[in-house]
Every structure is written in C-alpha cells, then in structure tokens.
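Undergrad: Residue numbers (the numbering used here): 474 to 1189. We put the CB at the ideal spot given by N, CA and C, even for glycine. Nothing here was measured: the structure is a model prediction, and the numbers come from that model.
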Ligand code: BGC
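#1: Rounded to the nearest angstrom, how far is the Cβ of residue 646 from that of residue 1102, given a contact under 8 Å?
#2: Assuming residue 563 is part of the beta strand (DSSP E), what are its boundary residues?
#3: From which residue to which residue does the alpha helix (DSSP H) around residue 657 run?
#4: List, from N- to C-terminal side, the beta strand (DSSP E) runs of 3 residues or more that fit wholly inside the segment 809–861.
#5: Got a sec, what are the start and stop residues for the beta strand (DSSP E) residue 1172 sits in?
#6: If you follow the beta strand (DSSP E) that residue 1106 is part of, which residue opens it and which one closes it?
#7: If you draw a straight line from the alpha carbon of residue 1012 to that of residue 607, how long is it in whole angstroms?
#8: Give me whichever residues DSSP pairs with residue 905 in a beta bridge.
#9: Quick check on DSSP: helix, strand or coil for residue 1156?
#10: Under DSSP, the alpha helix (DSSP H) around residue 1190 begins and ends at which residues?
#11: Report buried or exposed for residue 731, applying the criterion of at least 16 other Cβ atoms within 10 angstroms of its Cβ.
#12: Going by other Cβ atoms of all chains shown within 10 Å of its Cβ, with 16 needed for buried, is residue 1053 buried or exposed?
#13: Of all the options 691, 617 and 1127, which has the alpha carbon lying nearest to the alpha carbon of residue 1089?
#14: Would you decide whether residue 1031 is buried or exposed? Buried here means 16 or more other CB atoms lie within 10 Å of its CB.
#15: Does residue 600 come out as helix, strand or coil in the three-state DSSP assignment?
#16: Can you check the segment 965–1040 for any alpha helix (DSSP H) of at least 4 residues that lies completely inside it and give the ranges in chain order?
#17: Tell me the DSSP bridge mates of residue 1184?
#18: Which residue marks the beginning of the beta strand (DSSP E) containing residue 626, and which one marks its end?
#19: Would you list the one or two residues that DSSP bridges to residue 944?
#20: Taking the alpha-carbon positions, what's the residue 859 to residue 888 distance?
#21: Taking the straight line between their C-alpha atoms, what separation do you get for residue 1176 and residue 1125?
#22: Using CA atoms only, rank isn't needed, just tell me which of 938, 933, 983 and 974 is closest to residue 953.
#23: If residue 753 and residue 718 are in contact, beta carbons under 8 Å, what's the gap, nearest whole angstrom?
#24: Name, in chain order, the residues that DSSP records as bridge partners for residue 593.
#25: Over what stretch of residues does the beta strand (DSSP E) that includes residue 762 continue unbroken?
#26: Mind the definition here: the segment 569–583 touches the segment 606–624 only if three or more C-beta pairs lie below 8 Å; say whether that holds.
#27: Could you say which of 803, 746, 663 and 712 lies nearest to residue 527 if we only look at CA atoms?
#28: Could you give the distance in angstroms between the alpha-carbon of residue 485 and the alpha-carbon of residue 521?
#29: Quick check: the segment 1110–1120 against the segment 656–676, are at least 3 beta-carbon pairs closer than 8 Å?
#30: Let me check you understand the geometry: is the CB of residue 936 closer than 7 Å to at least one non-hydrogen atom of ligand 2?
#31: Quick check on residue 503: buried or exposed, where buried means 16 or more other Cβ atoms within 10 Å of its Cβ?
#32: Let me check understanding here. Comparing Cα to Cα, which of 629, 537, 613 and 735 lies closest to residue 667?
#33: May I have the straight-line CA-CA distance separating residue 773 from residue 674, to the nearest angstrom?
#34: Cβ atoms of residue 1044 and residue 648: under 8 Å apart, would you say?
#35: Are there any heavy atoms of ligand 1 lying less than 7 Å away from the beta-carbon of residue 754, as far as the coordinates show?
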C-alpha cells in the first residue's frame, strides 16, 4: 500500500474508533470476538465504552477480575524481544465472556519483537521540529505493530533529558518540554489512528539509568509541572493516549507505580485520563499500595497483582473491591473504546506490512532530522568529488541504541552503500575502519574529501560514562583522536556523527563540516547520501544542547544532583534544564539548542507581537530551496526571587520550505498557558504581571527579531 492509501486507511480506522460512541436508539449489533449482544449485552457496539464496561464487570468472578490486572507472559520485558518473537507481553483475556487477549510490543523506534522497519531514533524525529512528521512516524510504527499482531505499543518515550549522560536519550524527544509534548502527542495520534493503543512512558519522572530500579528523585512541584510533566500532559490531553506506563524509582518518596498523587490526582483527576496505567516491567512494588495508588495492570506478570495478594488485601480491608473493579473497568473501557472486542485478532502477518512505504517514511523522516552543525566555506553539499575516503566503523553500520527501543531491521542501507550508490561511477569511494589511525590518515590524504564517522554507545540499563567519543565503548575506537588525525591529513574533512545524544566534539574547529545523523534507522545510508549531496536540505535542528566540555553540562559537578548519593538525586537545578541551564549560567555551548544549518540562508522581518499570537515573515535569502525552522522563545517575567525564570523558553516553532527569494508569514499562537508559571503557593498555573520578551530566530542562540508585550497590568 502506498503512503497515500495508508493515510486513507488511517482515517478510516479513526472513523471506526469514533463510531464506537453510543448512538441512541441504534439497533444492537456485534462483530468480532465479543459474541451475541442478545446473550452478552456488553457486546452491543451501539453502547458507549463506559456502558459496556459497566455491564461486563459484574459478570466477572473475583479471580477473573484479578487475572485482567496483569500480563500472563513470564518472558515479557526487554529480553522478550529475543525470546518471544511476537510480543513483549500478553494478557490472555477471558474467552468465557468474550474478552479477547491483549497483545503488547515495544517500542518507540519501531516494533521491537520480531523484525520490523528500524525507524531513525526518536531523538532524530525530535530534531525534525515537525509535528506532521511525528504523526507519520507514529503511523508507521502503529501500522507495523498492528500487522505484527499487537493491540498496544509501548511508546513513545517522552522523558525530558536532564543529564546528557542518560543512556536512553536516543529514544526520547530531547531536553525541551514543549517540543517533547508536541512531538509525543503527534506520534500518538498517528499510531492510534491505526487502531493500536499507545503507551506513553515513563510516568512521571525518569531521567537516568544509574540506580534506575531504586532511585529516589527529589523534585520540587514547579519543576515537575514546568519541565517533566508537560510531555505527559500533552500525550493525554492532545494525543489522547490510551495508556500511560508508570516507571521505575521513587518520586519524592513515592514509587512511580503506586504514586496516587500522580496517577490518581494529576493524571486522572486533573488531566481527565480515562485509559489504563500499565507498570514498567517489575516496577510494581507492593500490591496494596499499587492498587490504591492507581496502577491498573502489572507487567510483565502478576508478581503483586495475583489472586493471593489482592484477595488478601481486599479481605483485610486494605483495598476495597471498588478499587479493584475500577482498575478492571479502566482496562475494559479502553479495550472497548479501541474496538478490541469488535474485530478479529490482528494477524501477525509480515505480508501485510508494506515495507516500501515504511522504508520511504524511515528515509524521509531521517532526512528531516539530519542536523548540519557546521559547514565552513560551503563544504557541503558535496560537489562531485573525484574521490571520497569513508573512515570509521559506523560508516559500515547503522548504529542504534540498545534495550527495549532497539529494532531488528528488515534490511539496512549503511552510509557506505548509500554514498557509494549516490556517488556513481565517476567517484572513487574507499572505506577504512579507522582501527589503525596511520592507515586512516593515509586513506584520508589520498582522497579529495574525507568523511569520518563516529558513534557513541548508549542504551537502556546504563548511563554513558562520559560525553567524549573516547568512551564510546563498544566500538573500541577513540573517535575524537581519529577525527583529529584525519583532519590533519585532509583539509576537506567532514564529520558524520551517528550518536544518540550530545558529545563534546573537541575537534569541532579542525574540520570543515559536521553532520549529526543520530542513530539513523535502516534507511540511514540513503538519507545521509541525499543530504550530503544536497538532493534534500538537512531538516534537523538540535533538540539537545551540545556542551563544549563535560563540566559545562547540567548536573555535571555535584554528585547529589547526578548520579546521586546513596541512590538519591536532588533536582536542585530546578527548571534550569537543558538550554535553560546554559542560558541562565551564561555558558556558551558547543552547539545550541535549536541550532542546525540549511544549505540556504533565511532572513526574518516584520515581527508582530500580541499576547495571543506572534507573527514573523521568513524569507529565503540564499540561492537554493531550503527548509527553515523558525523558533519562538519567550522570556517570562519573574513574580519574585523564589521563582527564577530561564532567559528564554521555546513556545512555538514551524517548519517551512522556501524557494530562493520566497517569503512566508509564520504565526505562532500563544495561550495563557504559554505565559504561565506553576505557582507553588496556589498550586496552580499563574500569569505573572510584567513584561514578556519575545525572541524569534534560527536557534535559541541565533535570535533575529525581538519584541515584547505586557501582561497583568505590567509594563515593558
Ligand atoms: C523498559 C520499558 C519497556 C519494557 C518492556 C523496560 O525495561 O523500561 O521502556 O517498555 O522494558 O520491554
């Protein structure tokens, strides 16, 4: 199926999900696995999901209710990808009552269990600054999850990056809450339109792998609300996420999967979440606390949510039957709402996956995320060089992060094969793995252009030991030293980074060009070749700041902040996370948040500023068609010394492709929430009186237009 047809089918699926809403007076009818509504009234598709769940719950025995509250698959979890070829987890359902099984799979970068299309890492999607792309990404992953026989996909990961050492940066959307929220909600809309449930993770705060299973995180309410919660709030309110996975560790003393202040009060009470909460694998700690704290389904198996513990808890009056039934209702209601009862099981059928449509999506999404960090003297795009030396092992691989966001690709186009094919017969392309620096330098010296590849090594279970390429670990090559050596040998050296997160890039001044391709997915080589040759403009902008040195990074100089003391971390930097940290401390990063070059240049003019909208005209001032990512930052007034405000915060962005000389007007809508801070005094969002500074430009440090407006009786 071509892309267009897939989008049509997505719309059709959405229509059928919406059709599950009750139509008064409609005749009872049924389809799928539920059964005859004459005998099983909850099978009547004319009723609402709520009504159907309310009819079904009383029919379940106590044991059946409890059995729905945990997966039945002991081989679940991240290792399930290797052991069980189909799913991460399975809840067997209850055939007696027509309750179908629920099949679940990882994950955020494509289906983890079994082969699938390896998408570019989610961090590269965030670099795209493009909600349409995020929806297409989610649609591709959701489509494949469905045709691998899954009802639910564990993704997206929206944990905001606190330390650049975090091992799971590649699978999330970077350091800014607004960008993460917009990207995550769009991903979810795309995935769920295919008829699968998404599971946004890991609620509520999860920022490091070190001590992850037992970590105590001390986070102030304002920091929670302004930095770590917005991506989840966006996922629930805008993305309509079906499920929210609670994470590991303890937030302010409460284990994430039994934290009623988050799961019951904020998620359900304030945000109106109506789906269900599965636990991360083994994250449930205590049956009573989890049941009362808001956990609906334990994964990977009922270590706590089993008949013995939960019946005992009810008979001891530690948990009410109504609480248990509430969890059952949440699960069933969501299954009804997604039509699980009313359709056949999704077959696990590779033949139904249109691999070429997925590959096109993977390639184009990667092109949209490849970030050109440096381009001296127009070194790129390549101008048909006679010879190119490719150096470094990642040139011959498509690196990826490891853990539950790793994907076994259907096929893989490496940079070496992609560039060789694009270069054509007139160009000699050589490859040297960089293992021997002298030989690598010789190879570089004898070519017109040297392209040196470097990767980091990151993934689930471990944080990175450092931010240089010297500790990239598994590749066994000191990438920083190799790059310097190659740069000495060839003045036309381009670096291609295939990292999942920021690196310090100490050699930045020695090379002509730097391209961050992230973990590029299975079409990485083709996407990269097209960008290097200028067939397409590099679409990416940094969703994470690249520090100039380790010590400049957030939370880098105080063990109590990171990695923690006695498995406890204090988020004492408050809201000064990511670029907010560098800006508030006046630290110049290597490459700023939002930075990324086009092959053309853009000018900004005609800024118009109102409290509910900012508009600006963007013009392509260069000689090639290219893609601009105008970014809107606001500097909020501080209501008092106890509420320090970051110098600027991202509040809007757009992505526009313009021909040479072409202009377009871009509008950034603002809401009261865009202007608000979280007041700990009133436990609510408040808009401070004062002057709101407006900044629009190509990055957080490249501001082209400035303005201001006053609010709350303040003045500018
Ligand atoms: C990860 C989750 C993942 C789960 C299942 C856990 O270790 O933290 O993100 O969904 O495994 O593979």
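TA: On the basis of the supplied data:
#1: About 15 Å separates the two Cβ atoms, so there is no contact after all.
#2: 562–564
#3: 650–665
#4: 844–848
#5: 1163–1172
#6: 1104–1108
#7: 13 Å
#8: 864
#9: coil
#10: A query on residue 1190 cannot be resolved here, the shown segment of the chain reaching from 474 to 1189 and no further.
#11: buried
#12: buried
#13: 1127
#14: exposed
#15: helix
#16: 997–1005
#17: 1163
#18: 625–627
#19: Its beta-bridge partners do not exist; DSSP assigns none.
#20: 18 Å
#21: 14 Å
#22: 983
#23: 6 Å
#24: Answer is none; residue 593 lacks a bridge partner.
#25: Residue 762 -> not in any beta strand (DSSP E); alpha helix (DSSP H) instead, spanning 760–766.
#26: yes
#27: 803
#28: Reliability fails at residue 485, whose pLDDT of 36 lies under 50, so the model's placement of it is uncertain and the value that follows must be treated cautiously. Distance between the alpha carbons of residue 485 and residue 521 is about 19 Å.
#29: no
#30: Among the ligands in the structure shown, ligand 2 does not appear; only ligand 1 can be found there.
#31: Bear in mind that the predicted position of residue 503 carries a pLDDT of just 44, short of 50, making it unreliable; the figure below should be weighed with that in mind. Classification for residue 503: buried.
#32: 613
#33: 15 Å
#34: no
#35: yes
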